[in-house]
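Working notes for the structure below.
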Amino acid sequence: MGCNWYGGSSLPESKVGLKFHTAAQELNLISDEFFSMRNHHPEYLRLLKEIRDQIKEYKSSLSDDQEQEMRYIKEIKKLGQRIEYESIFPPKR
367 MGCNWYGGSS LPESKVGLKF HTAAQELNLI SDEFFSMRNH HPEYLRLLKE
417 IRDQIKEYKS SLSDDQEQEM RYIKEIKKLG QRIEYESIFP PKR
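In structure tokens form, the structure reads like this:
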């Protein structure tokens, strides 16, 4: 019985299911390795902290009615996260 709806682990019932199960295990290993290779260069981390501090300082100087500036800050932060996680292209909507 391969269908285990309560979330427990089970083995696939068919050859196709076994192929997908094996591929998923391999992809999980690749994914873990990929995310462990994030950009941890000391100069990058220093610059990232500097930029984040500047953003925080600028954001604290804004008034509540400066919505466009707040949206820009949000987009800059998203860009920084994409660079940090090496997913340069924005997600498809």
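Using the numbering used here, you'd call the opening residue of the sequence shown number 367 and step up by one each time. Ideal Cβ positions, reconstructed from N, Cα and C, are used throughout, including at glycine. Given the structure is predicted, the values throughout are model-derived calculations rather than measurements.
From which residue to which residue does the alpha helix (DSSP H) around Leu-445 run? 433-450
Within 8 Å, strictly: CB atoms of Ile-439 and Ile-417: no
Assign Leu-428 to one of three DSSP states: helix, strand, or coil. coil
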